[in-house]
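In this note's numbering, the protein residues as written are -17 to 280. Glycine residues also receive a C-beta, built at the ideal position from the N, C-alpha and C atoms. Fair warning: this is a prediction, and the values are worked out from it, not measured in the lab. Presented below is the structure to which this report refers.
Listed below in structure tokens is the structure:
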């Protein structure tokens, strides 16, 4: 079975510093070495992925984006400013999407067909986001986690790739992140912090269950998870208060926890399963269900 590999291309230092202090600092040069390590791993396993690329990062490091595209990976949009959809009006979201899409298309010379919201923030009350994406010419979205979580997720949402009919006659594919059902519980197994903390044997079992249910693995990673150096929010940055410093220490501890296991875990995944990009998957010979979005969402 063909599976889908996605990368959220963003700068950890920049985004965590904003969460710590409330202020946006310049993107860190660390992202270049992180991307190099990840590209080397993907090349070694002859695997293509979708890089959901943050617009403001592409603006700061255009050559990084061009290098990714030159190696045959799909460049998709992660928006421009990495703001959750529930914090934006419809017009603000539209403007953010347009800005990032135009920037990425100018850099790569290729149409941008896919989108992923910051922090998987398409929820029940922000499903209008999918209508905006279709209006802007996107083919697919990959923002929905079909789980219950305090920050994101739509519990009960279809856990498989579906082409949804939207209002106004538009259509959009949704590629949800991987989850498995264990009794009444739905467990996220797609990547990120979940992958960092799960042992390899449990990851293998979860992926086997997805395939037994005839569902592709939709996995996600970040370049910072492949950095050979420890993540440090204070690298070339000084917080303005002790409260900010304490928050930074907490993020350093949390984000480094289990991070050193990620290259080996991704390598194990790529050895055992065949992966491709979102766009290549949709263009392949797959039976994809079609349904009306709002009949499901309620």
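Query: Which term fits residue 5, buried or exposed, when burial requires 16 or more other beta carbons within 10 angstroms of its beta carbon?; Result: exposed
Query: Please state the DSSP three-state secondary structure of residue 0.; Result: helix
Query: Let me confirm a value: residue 182 is counted as buried when at least 16 other C-beta atoms fall within 10 Å, else exposed. Which label applies?; Result: exposed
Query: Who are the Cβ neighbours of residue 243 in its own chain at under 7 Å, not counting the five residues just before and after it?; Result: 178
Query: Below 6 Å CB to CB, which residues in the same chain sit around residue 189 once its five sequence neighbours on both sides are set aside?; Result: 199
Query: So what's residue -14 in DSSP terms, helix, strand or just coil?; Result: strand
Query: With DSSP run on the structure shown, which of helix, strand or coil describes residue 161?; Result: strand
Query: Look up residue 130 in the DSSP assignment and say whether it is helix, strand or coil.; Result: coil
Query: Can you grab the Cα-Cα spacing for the pair residue 115 / residue 145, in whole Å?; Result: 13 Å
Query: Less than 7 Å between C-beta atoms, sequence neighbours within five positions excluded: which residues of the same chain meet that for residue 282?; Result: Residue coverage of the chain in this structure runs from -17 to 280, which leaves residue 282 outside it and unanswerable.
Query: DSSP beta-bridge partners for residue 200?; Result: -14
Query: Since residue 85 and residue 37 should fall inside the 8 Å C-beta cutoff, what is the C-beta to C-beta distance between them, to a whole number of angstroms?; Result: 5 Å
Query: Within 10 Å of its beta-carbon, does residue 277 have 16 or more other beta-carbons around it, so buried, or fewer, so exposed?; Result: Summary for residue 277: the model assigns pLDDT 47, below 50, so the residue's position carries little reliability, and this model does not support an answer.
Query: Pick helix, strand or coil for residue 106, following the three-state DSSP scheme.; Result: helix
Query: How far does the alpha helix (DSSP H) with residue 248 in it extend, from its first residue to its last?; Result: 244 to 254
Query: Closer than 8 Å by C-beta to residue 41: which residues in its own chain qualify, once you throw out the five before and the five after it? Chain order, please.; Result: 85
Query: Which of the three DSSP states, helix, strand or coil, is assigned to residue 76?; Result: helix
Query: What residues in its chain sit with their C-beta under 6 Å from that of residue 76, if we drop five residues either side in the sequence?; Result: 114
Query: Does DSSP put residue 13 in a helix, in a strand, or in coil?; Result: helix
Query: So, do the segment 224 to 236 and the segment 49 to 65 have three or more beta carbon pairs nearer to each other than 8 Å?; Result: no
Query: Quick check: the Cα distance between residue -10 and residue 228, rounded to an integer number of angstroms?; Result: 26 Å
Query: Quick check: what's the CA-CA separation for residue 261 versus residue 166?; Result: 32 Å
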